[in-house]
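**Student:** Per our numbering, the very first residue in the sequence shown carries number 2; after that it's consecutive.
Just so you know, even glycine gets a beta-carbon here, dropped at the ideal spot from N, CA and C.
Since the structure is predicted, the reported quantities are computational estimates derived from the model, not experimental observations.
Take a look at the following structure, please.
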Amino acid sequence: MRILSVVEESVVDGPGIRTVIFTAGCPHRCKGCHNPSSWNPAGGEEVEVGELVQRVKLSGWDGVTISGGEPFLQSSALAELVMACKSLGKNVWVYTGYTLEQLDAMHDEAVQTVLDYADVLVDGRFEQSLRDMGLRFRGSSNQRIIFLNKV
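Quick look at the structure:
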């Protein structure tokens with residue numbers, strides 16, 4: 002999986018203290034993006050999913066957040082990571098610039114696996130005109146916090 006970084010202790014990307022994995026590559030290129038260095042799909046470094054899972058396990062935190070970039074550009078690796086984190090008993094949040102409806106319309110088995118296993122999806126592109134610093138866990142009012150946990 003191509004990632005930019007791993008933040009071992011975050012309190013802004015979901016509830017509690019979380020490990021956050023920032024993926025590389027993003028087609029959305031939202032105006033005002035807080036992480037434009039994530040846009041390059043060749044940026045960052047290639048890391049085995051197992052290594053990421055080990056870092057999540059060793060962190061000891063209850064939650065993991067996968068953000069970007071756009072995590073769904075690497076849907077197979079993302080699915081593997083989400084399933085492994087859930088098997089460790091972690092609460093899993095995934096941020097995406099796609100809407101849930103767009104993800105469903107992809108008819109992609111790996112995308113569906115992520116939606117089946119993740120606890121929460123924060124969806125939608127960041128819209129600078131809808132930016133709201135008062136919102137918790139999202140940057141603009143069009144973005145939704147969707148509780149998924151089907152498994």
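Output the distance between the C-alpha atoms of Val83 and Ala119, rounded to the nearest integer angstrom.
**Tutor:** Using only the alpha carbons, I get a separation of about 6 Å.
**Student:** Can you give the Cα-Cα distance for Phe23 and Glu102, rounded to whole angstroms?
**Tutor:** Those two C-alpha atoms are separated by around 23 Å.
**Student:** Grab me the residues of Val123's own chain with a C-beta within less than 8 Å of its C-beta, minus the 5 sequence neighbours each way, in chain order.
**Tutor:** Same-chain partners within the cutoff: Trp94, Val95, Tyr96, Thr97, Phe138, Arg139, Gln144, Arg145, Ile146 and Ile147.
**Student:** So, do the segment 63–78 and the segment 13–22 have three or more beta carbon pairs nearer to each other than 8 Å?
**Tutor:** Yes, the segment 63–78 is in contact with the segment 13–22.
**Student:** Could you check whether Gly64 and Gly17 sit closer than 9 Å to each other, using their CB atoms as the reference points?
**Tutor:** Closer than 9 Å, so yes.
**Student:** Quick one: Cα of Val7 to Cα of Ser39, how far?
**Tutor:** Going from the Cα of Val7 to the Cα of Ser39 covers about 13 Å.
**Student:** When the Cα atoms are used, what is the spatial distance from Ser60 to Glu52?
**Tutor:** Distance between the alpha carbons of Ser60 and Glu52 is about 12 Å.
**Student:** Just to confirm the assignment: which complete beta strand (DSSP E) runs, minimum length 3, are found wholly within the segment 35–123?
**Tutor:** The qualifying runs are 64–68 and 92–96.
**Student:** Could you tell me if Leu79 is buried or exposed, where buried requires 16 or more neighbouring beta carbons within 10 angstroms of its beta carbon?
**Tutor:** It counts as buried.
**Student:** Once DSSP output is grouped into helix, strand and coil, what is the label at Ser141?
**Tutor:** If DSSP states are grouped into helix, strand and coil, Ser141 belongs with the strands.
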